[in-house]
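Letter by letter, the sequence shown follows residues 1 to 337 of my numbering.
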Amino acid sequence: MILLSAWLAAVVTVVLAYIIAGPIWVKRHSLRFRVGKTVRRVSGAYGEIAIVTFAAGLVWLIDSAGKDVSLGGLMADYPVFTLGAAVFVGLVVYVHGIRTALAAEPDERVRLIFTYLVYGIYSLTVFAIGAVVVALLVTQAISDTQTLSGLANKAISGLPAGTVGNDADLIRSIEFSYLDMQSLLSEAEETMTPVFMFMAGIFAINLAIRLTPLRSLFINNAVLLTMISTLIGLLAVVAVGAWTYVGNYAAVINHYVGALDGLRGQAEAMRPFYVMRYSEIMVEMLDQKSLLSFVSRISSQWGGVAAGLGLAQWIAQQFNKPEAEESPGEVARAEGI
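Listed below in structure tokens is the structure:
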């Protein structure tokens with residue numbers, strides 16, 4: 001409900017802003033596309049609605065993927081920080097908007113002031129959506145660490161602490177603790193799903209900016225925007241991946257292997273079949289600890305989607321026309337606007 005309300009507010013305010021601005025924003029805030037040899041223009045409001053809709057959809061996906069963290073929960077847990085951030089960003093947005101309006105032609109200033117007063121709500125909403133994505137990723141990563149720590153303690157506590165006289169009882173406890181560890185590692189892999197969704201979303205919007213009239217909204221900065229957003233997405237994947245591998249994956253396996261190694265003396269006295277099974281579990285856990293194993297296990301589902309979209313973005317960059325040929329500023333100068 002919170003996300004839907006924010007999306008509706010953004011859509012209504014951006015439409016009103018374009019209505020108030022009228023022809024003033026046609027020069028630099030319109031979507032351009034070619035029909036034969038003719039360049040057509042439509043209101044940039046359509047593009048901005050598409051962007052905020054896509055961003056809201058991405059938040060909904062990441063919010064749905066999170067098991068312990070939600071948008072409503074974040075706002076309830078950190079009301080002062082949420083309000084303070086909104087006030088601060090709102091001041092920045094409105095100061096910038098008013099300054100931009102005052103720098104315009106004298107006959108356009110009043111109309112632009114009212115335009116930016118309304119458009120500021122849309123800008124604040126878009127920023128809030130971006131901030132929510134980052135907050136969801138960070139808080140979910142912290143929550144996952146706590147959850148996985150509890151699961152790791154459960155798996156390791158399943159191993160016998162003292163001498164077990166019966167071979168069958170010993171290998172049974174090892175087998176069940178091994179099963180708990182595999183469940184834990186699967187949980188660790190799933191912690192990467194939200195960040196891969198984030199990365200896939202960045203690649204998707206970059207493709208739209210590169211290949212559709214949306215690029216007109218960013219004038220000469222579409223290439224820079226896609227490069228920066230791609231870098232942010234890659235850094236998010238690397239940061240969360242390193243956090244997951246070092247803190248929630250390799251460390252847990254090391255702890256578990258150490259506990260298994262403590263049972264080696266008892267395991268050596270078991271029957272050959274049980275010894276072989278004990279050895280298989282040890283070797284399997286050591287193999288899973290490697291970074292290559294971790295990367296291969298997380299590179300599925302949303303990881304594959306992100307990789308596919310990333311490849312598509314790279315191909316689009318290679319075959320796309322130079323951005324200067326597509327910018328409204330260039331067309332405006334050519335047309336003498």
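Backbone N, C-alpha and C fix where the C-beta goes; we use that ideal spot for every residue, glycine too.
Given the structure is predicted, the values throughout are model-derived calculations rather than measurements.
Asked	Found
Out of L148, P106 and P194, point me to the one whose CA is closest to V132's CA.	P194
Apart from the five residues on each side of it in sequence, which residues of its chain come closer than 8 Å, Cβ to Cβ, to R111?	I20, A21, G22 and I24
Just the Cα atoms here: how many angstroms apart are W7 and A168?	60 Å
Pop quiz: V89 and L137 are said to be a contact at Cβ under 8 Å. What is the actual Cβ separation, rounded to whole angstroms?	Not confirmed; about 19 Å, so no contact.
Measure the CB-CB distance between T82 and A17 and report whether it falls below 9 Å.	no
Take T191 as the anchor and find which of A155, A208, L170 and G247 has the nearest alpha-carbon.	G247
Nearest to M75 by CA position, among A128, V39 and L117, is which residue?	A128
Would F294 and Y256 qualify as a contact pair, given that the criterion is a beta-carbon distance under 9 Å?	no
For A188 versus V252, is the C-beta distance shorter than 9 Å?	yes
Do the CB positions of I62 and Y178 come within less than 9 Å of each other?	no
Am I right that L338 and Y245 are in contact with their C-beta atoms under 8 Å? What's the rounded C-beta distance?	Past the boundaries of the shown model lies residue 338; the chain is included only from 1 to 337, so the question cannot be answered.
Quick test of your reading: G150 and D180, contact by CB under 8 Å. State the CB separation rounded to the nearest angstrom.	That belief does not hold up - the Cβ atoms of G150 and D180 are roughly 11 Å apart, past 8 Å.
For F203 versus V237, is the C-beta distance shorter than 9 Å?	no
What are the start and end residues of the beta strand (DSSP E) that includes R41?	T38 to S43
So what's R172 in DSSP terms, helix, strand or just coil?	helix
At what residues does the alpha helix (DSSP H) containing T244 begin and finish?	Premise fails: T244 is in no alpha helix (DSSP H) and is neither H nor E.
Quick one: grab the DSSP three-state call for L31.	strand
Using the C-alpha atoms, what's the distance from S43 back to V26?	7 Å
From which residue to which residue does the alpha helix (DSSP H) around R99 run?	P79 to L102
For V69, which residues in the same chain have their Cβ closer than 7 Å to its Cβ, ignoring the five residues on either side in sequence?	L136, T139, Q140 and S143
Answer yes or no: does any C-beta atom of chain C fall closer than 9 Å to that of M270?	Looking for chain C here will not work: only one protein chain is present.
Smallest Cα separation from I156: which of G57, M1, I98 and L184?	L184
In three-state DSSP terms, what is S327?	Since pLDDT at S327 reaches only 44, below the 50 mark, its modelled position is unreliable, and no value is offered.
Between which residues of its own chain and Y274 is the CB-CB distance below 7 Å, once the five residues before and five after are set aside?	D167 and I171
List the whole-angstrom C-beta distance separating A10 from V134, where the pair is believed to meet the contact cut-off of C-beta under 8 Å.	The pair is not a contact, with the Cβ atoms about 18 Å apart (cut-off 8 Å).
Taking just the CA atoms, how far does L91 sit from I98?	11 Å
Would you report the Cα separation of V39 and L4, rounded to the nearest angstrom?	35 Å
Here's the rule I'm using: 16 or more other beta-carbon atoms within 10 Å means buried, otherwise exposed. How should P272 be labelled?	exposed
Can you grab the Cα-Cα spacing for the pair I51 / T147, in whole Å?	35 Å
Please classify S30: is it buried, with 16 or more other beta-carbons within 10 angstroms of its beta-carbon, or exposed?	buried
DSSP three-state label for P160, please.	coil
Using alpha carbons as the reference points, say which of F33, I2, I49 and K37 lies closest to V14.	I49
Check each candidate in A86, V95, R277 and M199 and name the one with the smallest Cα separation from L235.	M199
What's the C-alpha gap between F33 and S296?	42 Å
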